[in-house]
Every structure is written in structure tokens, then in C-alpha cells.
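Single-structure report; data block below.
Protein chains in written order, with the numbering used here: chain H, 568 to 656; chain Z, 3 to 368.
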């Protein structure tokens, strides 16, 4: 199963251990994670459900392409890494 | 008289306590490193509400019950105001995303649990359960005129001032930078644009008196005489004596430009301002940091300097960086360069409390 991992900058606000989830897209992986840790959702997504401007996601080392729908496909053993962007904030 | 002071800064919340006359010390520090955009101690319930603006992870709300005795050892995160899903048909220049909580006020004594939150990009939210949930006030958000609100203090419009009428809690006036002053008499069911008499000198000539384009920096209401409201505006100082329906311009020296204003809780003719050079410059006139005070409704002003730096000083006081307590004698003032002063005699003399705080966003006695 894909694993969702959260960077320390986010852990500082919400304890978020790595989550193994049943999912084939980033969106599904995050939704499964939010079901376990509901508070996390508002830290990662903004009001309209899109990825926050200053949050990045890497899938097996490659940056997420679809920041709006989070439809990027993930593989069975993918690592989805959620991290703060250094662009600002 | 208030003996404690909440100071929200770019790097956390500081609680100061008065330990002796003119002696104020930091009693506690909370949320160190996090930007605190607004604080509210709800005197009806002794609950402290704190709005954080985490750069990466959005706006967060925290609450501490029984704050006077718990000293904040019982923080709980509560939901932040959330903008509703934006309909595909609702073309809007403004994002339907919470940018910042810029104002927090308690409802009237007859409205237990009711809170108002003013936000960027211009939404007014109400909570009826002490912050357990928030609802966007659609009658104001859905007004066609909102599309003409503009950025002022930030890129997007924002509600920074919320005045709940002490005579009638359902009457609420809010001020927007930029978007003028709006008032409801039925708890937010509908709103009227008010504030004739304010003047935006930088706008095209035929728009300068339009109440909708006014860049109100701060709106405050006299507790004992609520028909009197004072405005620090981008283009000067204005005062209303008819519950914000109309305003007259007031001229102060050394400058009428600034962000903050405080009005005496029982004497509507007495108000304080922190002037700066208008309007892109925004530093004290001639590098001399002063507070101006009128005691006669704006006919004359005194420049108060005792205890304030007269050597080259470049402190700027934001719109929520000046507060007055219920006695009317104590004022606190915090600046963008991390200076904090307190007066206990209406501004005749100021005592520096610190020159080394993070930039001060907001402060409030409690």
C-alpha cells in the first residue's frame, strides 16, 4: 500500500505518523489519511479543497503535477511526501 | 482598571501583567514563533480566542477556557472560519479562501456565545457557540457591491473593525479596507452601506466621496456615547456623531495619517492617534514618535511625547496596535519594530515596556 509521510514542519502542529493507505491517486491517499487524522485536512488543503499554496507533495521524489484535483496516480509501494514549500509563508 | 495585556505578534502571543505602578512584565508566552493576527478575551465567558496565521498551513484558531485562572494551560484548537464551496457560476476576483482573521469581537451581553470574525478576503463570520463553528454572513458577502471592494492593508479586501452597539447588540458596524463602513440593525440579516462624508483624495474626482471606496484603517465606537465613532482613514481622521451615518473630517498635527485610533470609553470627545507621514512613507514625522490626543472632539490636538523616542525612530503602529482599558486612563501601544509602551495617565507619560518584541500586530487589555 502507498505510504503518506509528513515533514517535521507539519508534525510540529499535528502529530502525523506515516500512514499506509489503500489508494491509487494522491487525492484518495490524502482522503484516507484525513479519515484517520481529521485535523490534518485544514493544514494541507485550503477552503476549496485544493492544496495549500505553500505546501508541496512529492510522489516517489517527483513533484505533484495536479495541485487542483490531486489526481496524480500512485503505485502500490509509492511514498507520498507532504512538505512545506520554501516559496514563502 | 485592566492589569493584564495580551500582545499578539509576528512570533507569538505574550501576556503581560502589571506588577506595580508602571511596571508591566511578561507573565507568559504562548504560540512562540507563530504569527498571531488577532486575540480576543471574551469577558462574558473568560475564554481567550487566538487567531494564528501559519504561513504554510493556513489560519488556525485556538481557545483557552477560564483564561484568568488557567493561564492558558488548557489550549484547544477550534475550527477556523471556512469559506463555503465556491459555485462554478460565482465568478469572483477574490478567492473564497480564508486568508487571515483580522478582527474578533464578542457579541452583546444578551448574546452568550456569539462571536464575530472579520477576515481577508472580506468575509464576515459569526459563531453562536463560542467558536465551535463559524458561518459566513451571506447577506454581506453576497452584496453586489462587494465586487468593488479592493485591497488596502493586504492584496485582498479585509474586515478589520467590528463595532457591536452596546445599546442594541443586533446593530453592528464593520469597516473594510477598502470597502467603507457597513451597518446592520438586525444581527446581519441585511446591511446598509453608510459613512457619507469620508473622502478618498487619491481616487478619480467623481469617486472620491463614494462611501464604497473609502479605505477605513480603523473604526472605533465610544462605549458611553455610541453615536460617536472615530475613523482613522487612509486620507485622514473622521468623526461621526450620528452612529456612523455621516462623518466630518478632522485635521491633526503633525499628521492626520495613521492606522490606529482609540476613543475614551466614557468621553466621546477624547481620542488618541499615532501619526505617520502619509502615505507611502509611513514613518513618524521627522523621525519623532508621538501620540496625538484630542479632548475636544478634534478641534485641537496635543502631541504627546513624554517617554516616547524623539531621536530618529521609525516605529509604525498598526491598526490593532493601540488599545485603551475600561478606565480610560491606561493605553498600550505596540509597534512594527517591536516596541511596547504603556501609559497610566491617558498618554501624558508613556513607559517603555520593551523595545525587543517581535513586530506587534495587535494588543488588548483584559
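We put the CB at the ideal spot given by N, CA and C, even for glycine.
Report yes or no: is there a C-beta of chain H within less than 8 Å of the C-beta of residue i?
i: residue 100 of chain Z; result: yes
i: residue 123 of chain Z; result: no
i: residue 15 of chain Z; result: no
i: residue 142 of chain Z; result: no
i: residue 33 of chain Z; result: no
i: residue 127 of chain Z; result: no
i: residue 79 of chain Z; result: yes
i: residue 58 of chain Z; result: yes
i: residue 65 of chain Z; result: no
i: residue 138 of chain Z; result: no
i: residue 185 of chain Z; result: no
i: residue 156 of chain Z; result: no
i: residue 27 of chain Z; result: no
i: residue 361 of chain Z; result: no
i: residue 204 of chain Z; result: no
What does DSSP give as the partner residue(s) for residue i in the beta ladder?
i: residue 38 of chain Z; result: Z:54
i: residue 31 of chain Z; result: Z:16
i: residue 366 of chain Z; result: Z:8
i: residue 335 of chain Z; result: Z:324 and Z:343
i: residue 106 of chain Z; result: Z:119
i: residue 273 of chain Z; result: Z:265 and Z:296
i: residue 187 of chain Z; result: Paired residues: none, contrary to the question.
i: residue 316 of chain Z; result: The partner list for residue 316 of chain Z (beta bridge, DSSP) is empty, contrary to what the question assumes.
i: residue 44 of chain Z; result: Z:49
i: residue 165 of chain Z; result: Z:175
i: residue 160 of chain Z; result: Z:179
Under 8 Å between the Cβ atoms of residue i and residue j?
i: residue 319 of chain Z; j: residue 307 of chain Z; result: no
i: residue 344 of chain Z; j: residue 26 of chain Z; result: yes
i: residue 161 of chain Z; j: residue 124 of chain Z; result: yes
i: residue 374 of chain Z; j: residue 80 of chain Z; result: Because residue 374 of chain Z is not part of the residues shown, which for chain Z are 3 to 368, the question remains open.
i: residue 535 of chain H; j: residue 651 of chain H; result: Limits of chain H in this structure are 568 at one end and 656 at the other, which puts residue 535 of chain H out of reach.
i: residue 641 of chain H; j: residue 599 of chain H; result: no
i: residue 38 of chain Z; j: residue 50 of chain Z; result: no
Less than 8 Å between CB atoms is the rule here; does residue i satisfy it with respect to chain Z?
i: residue 576 of chain H; result: yes
i: residue 630 of chain H; result: no
i: residue 638 of chain H; result: no
i: residue 598 of chain H; result: no
i: residue 655 of chain H; result: Residue placement at residue 655 of chain H is flagged as unreliable, the pLDDT there being 49, under the threshold of 50; the coordinate-derived value follows with that caveat. Judged by the 8 Å Cβ criterion, residue 655 of chain H is in contact with chain Z.
i: residue 648 of chain H; result: no
Going by C-alpha distance, which of the options is nearest residue i?
i: residue 327 of chain Z; options: Z:321, Z:268 and Z:289; result: Z:268
i: residue 191 of chain Z; options: Z:145, Z:233 and Z:201; result: Z:145
i: residue 312 of chain Z; options: Z:53, Z:285 and Z:178; result: Z:285
i: residue 322 of chain Z; options: Z:9, Z:4, Z:66 and Z:3; result: Z:9
i: residue 167 of chain Z; options: Z:143, Z:230 and Z:4; result: Z:230
i: residue 276 of chain Z; options: Z:74, Z:266, Z:138 and Z:262; result: Z:262
i: residue 337 of chain Z; options: Z:83, Z:7 and Z:357; result: Z:357
i: residue 616 of chain H; options: H:626, H:637 and H:585; result: H:637
i: residue 222 of chain Z; options: Z:187, Z:95, Z:215 and Z:274; result: Z:274
i: residue 132 of chain Z; options: Z:90, Z:72, Z:106 and Z:141; result: Z:106
i: residue 74 of chain Z; options: Z:29, Z:103, Z:93 and Z:60; result: Z:29
i: residue 178 of chain Z; options: Z:341, Z:152, Z:364 and Z:186; result: Z:152
i: residue 591 of chain H; options: H:629, H:653, H:647 and H:651; result: H:647
i: residue 296 of chain Z; options: Z:249, Z:84, Z:266 and Z:14; result: Z:266
i: residue 360 of chain Z; options: Z:342, Z:354 and Z:66; result: Z:342
i: residue 1 of chain Z; options: Z:34, Z:4, Z:14 and Z:17; result: As displayed, chain Z neither begins before 3 nor continues past 368, which places residue 1 of chain Z out of reach and without an answer.
i: residue 287 of chain Z; options: Z:299, Z:314 and Z:271; result: Z:314
i: residue 609 of chain H; options: Z:100, Z:212 and Z:367; result: Z:100
Using a C-beta cutoff of 8 Å, does residue i count as contacting chain A?
i: residue 651 of chain H; result: No chain A is part of this structure, whose protein chains are labelled H and Z.
Consider the C-beta atom of residue i and the heavy atoms of the ligand FMN; say whether any pair is separated by less than 7 Å.
i: residue 88 of chain Z; result: Here there are no bound small molecules, and the ligand FMN is not part of this structure.
So does the segment 156–174 of chain Z actually touch the segment 202–214 of chain Z, counting three or more Cβ pairs closer than 8 Å?
no
Quick check: the segment 300–317 of chain Z against the segment 253–270 of chain Z, are at least 3 beta-carbon pairs closer than 8 Å?
yes
Check whether the segment 193–202 of chain Z touches the segment 228–247 of chain Z, taking contact to mean three or more Cβ pairs, one atom from each stretch, closer than 8 Å.
yes
Per the contact definition of three or more C-beta pairs closer than 8 Å, is the segment 110–129 of chain Z in contact with the segment 65–72 of chain Z?
no
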